[in-house]
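**Student:**
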Amino acid sequence: MHLAFLTAVALTASACLWVDPVGAAGGREADTGCSQSIDADSVTVECAEPAPKPTPRPNGVTGPPQPCRWVAATAADGWDPEGYGDLTPSGYVFGTTPDRGVVRTFPDGRTEQVFARECPDGVGGFTWVDTSITAQDVIDDAADRARRAVPAPTLDLSPSPEAGGIVNLGLWLALAGQDPVTVRAEAGSLWAEATVTLASTSWDMGNGDVVICDGPGVAIVDTDTLEPGPCGYTYRESSPDDAPYTMTVTATWNVSYRSAAGSGAVGGVDRSLSVDYDVDEIQTVGVSN
-3 MHLAFLTAVA
7 LTASACLWVD
17 PVGAAGGREA
27 DTGCSQSIDA
37 DSVTVECAEP
47 APKPTPRPNG
57 VTGPPQPCRW
67 VAATAADGWD
77 PEGYGDLTPS
87 GYVFGTTPDR
97 GVVRTFPDGR
107 TEQVFARECP
117 DGVGGFTWVD
127 TSITAQDVID
137 DAADRARRAV
147 PAPTLDLSPS
157 PEAGGIVNLG
167 LWLALAGQDP
177 VTVRAEAGSL
187 WAEATVTLAS
197 TSWDMGNGDV
207 VICDGPGVAI
217 VDTDTLEPGP
227 CGYTYRESSP
237 DDAPYTMTVT
247 ATWNVSYRSA
257 AGSGAVGGVD
267 RSLSVDYDVD
277 EIQTVGVSN
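Numbered per our numbering, the sequence shown spans residues -3 to 285.
#1: Please state whether DSSP places Ile135 in a helix, a strand or coil.
#2: Do Arg65 and Glu114 come within 8 Å of each other at the CB atom, strictly closer than that value?
#3: Is it right to say Leu169 is buried, meaning 16 or more other beta carbons lie within 10 angstroms of its own, or is it exposed?
#4: Could you give the first and the last residue of the continuous beta strand (DSSP E) run that contains Glu233?
#5: Would you mind sorting Val98 into buried or exposed? The rule is 16 or more other CB atoms within 10 Å of its CB.
#6: In whole angstroms, give me the CA-to-CA distance for Ala142 and Glu277.
#7: Comparing C-alpha positions only, which one of Ala68, Val89, Arg232 and Asp136 sits nearest to Ser259?
#8: Which class does Ala142 belong to by DSSP, given the choice of helix, strand or coil?
#9: Please classify Phe90: does DSSP put it in a helix, a strand, or coil?
#10: In chain order, what are the residue ranges of uninterrupted beta strand (DSSP E) at least 3 long that sit wholly in the region 173 to 253?
#11: For the beta strand (DSSP E) containing Thr107, list its first residue and its last residue.
#12: Determine the burial state of Thr219: buried for a count of at least 16 other Cβ atoms within 10 Å of its Cβ, exposed for fewer.
#13: Are the region 120 to 134 and the region 166 to 183 touching by the rule of at least three beta carbon pairs closer than 8 Å?
#14: Does the distance from the C-beta atom of Pro155 to that of Val245 stay below 8 Å?
#15: On the DSSP bridge assignment, give the partners of Arg65 in chain order.
#16: Would you check if the distance between the CB atom of Arg267 and the CB atom of Ala239 is smaller than 8 Å?
#17: Does the region 170 to 180 touch the region 189 to 201, meaning 3 or more C-beta pairs lie closer than 8 Å?
#18: Taking Cβ to Cβ, would you say Leu167 is nearer than 8 Å to Gly213?
#19: At a threshold of 7 Å, does Asn164 count as lining the ligand SAH (C-beta to nearest heavy atom)?
#20: Does the beta-carbon distance from Leu165 to Pro157 come in below 8 Å?
#21: Using a 10 Å radius around the Cβ and a threshold of 16 neighbouring Cβ atoms, would you call Leu222 buried or exposed?
#22: Output needed for Arg254: all residues of its chain with C-beta closer than 6 Å, excluding positions within five of it in sequence on either side, in chain order.
#23: Going straight from the alpha carbon of Thr127 to that of Asp117, what length do you get?
#24: Count the other CB atoms, across all protein chains shown, that sit within 10 Å of the CB of Gly173; report buried if there are 16 or more and exposed otherwise.
#25: Leaving out five residues before and five after Leu194 in sequence, what residues of the same chain have Cβ atoms less than 7 Å from its Cβ?
#26: Starting from the Cα of Gly204, find the closest Cα among Ser196, Ile216, Gly225 and Tyr231 and give me that residue.
#27: Just mark Asp140 as buried or exposed, buried being the case when its beta carbon has 16 or more other beta carbons within 10 Å.
#28: Quick one: residues in its chain with C-beta nearer than 7 Å to the C-beta of Ile216, no 5 flanking neighbours on either side, listed in chain order?
#29: Keeping to the same chain, check which residues put their C-beta closer than 6 Å to that of Ser235; ignore five residues upstream and five downstream.
#30: Quickly, what does DSSP pair Leu171 with across the bridge? List them, please.
#31: Which residues does DSSP pair with Ser156 in a beta bridge?
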């Protein structure tokens, strides 16, 4: 599920979002197509066009979490949401939760709550979040993005497919550039970080044999050896003339997460790659003394 966000307008005077007294006093308004004016203790909000519907936008980031956090914004004392009615042509109505959170309800019954981003240097903006979004939704969203970030397999074979193999010469099977990937998703105070880690590789050698290795396998460390690597294989027969073996490697990644609701695992994802691999046989002739 892709999480939907819409930047909010912070109301001022007696109808303000009470998060930062300094910031609230100056008023905060995003590019929403709406304008506001203050007359004594009343606030008028006018929108030139219907407020845009929330649209999905990428919100995942790699690396450690940011030092900011989302907190539910609350209405200042004296704000009467019923006095404002339908503030925009789109027909949503402002209201409050029992703990003074600011919400808006649309004619279709969908409700959104406004959150403020608290950072060490002050408030970092506001956003509306659909109240139907759950912690599991955020976990699933982060996991889905992490799966999509898994790279395609990059071969690190010896001998390489370009060079081809030789009967009775050991192969070293490995993948390169398969580092873990971490993605973060947020929806208000809900957050989740999903990490994909390469668990194993399965090598179909094209002749009916399959080799399964932990992680990405082992790249060659001794170019003079004839023996296969710890993750390796030795062909005992050459490939048919003009018909190389089709070698297929499948990388299996595990997905784990940590979130505001706990941590765990959410299944995995596979990535596969196939290449032609020609295997020849070298004939030797002995000469007596």
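For glycine and all other residues, C-beta sits at the position ideal for the given N, C-alpha and C.
**Tutor:** On the basis of the supplied data:
#1: helix
#2: yes
#3: buried
#4: First-last for Glu233: undefined, no H or E at that position.
#5: Val98 is buried by the Cβ-count criterion.
#6: Taking the straight line from one Cα to the other gives about 44 Å.
#7: Asp136
#8: Helix, per DSSP.
#9: strand
#10: 177 to 183, 186 to 200, 206 to 210 and 228 to 230, all fully within the region 173 to 253.
#11: Thr107 -> beta strand (DSSP E) spans Thr107 to Cys115.
#12: So Thr219 ends up on the exposed side.
#13: yes
#14: no
#15: Glu114
#16: no
#17: The region 189 to 201 makes contact with the region 170 to 180, as at least three CB pairs between them are under 8 Å.
#18: no
#19: Looking for the ligand SAH in the displayed structure turns up nothing, as the structure carries no ligands at all.
#20: no
#21: exposed
#22: Glu189
#23: C-alpha separation (whole angstroms): 28 Å.
#24: Gly173 is exposed by the Cβ-count criterion.
#25: Gln174, Gly211, Pro212, Ala247 and Trp249
#26: Tyr231
#27: buried
#28: Ser154, Trp168 and Gly225
#29: Tyr241, Asp274 and Val275
#30: Leu151
#31: Its beta-bridge partners do not exist; DSSP assigns none.
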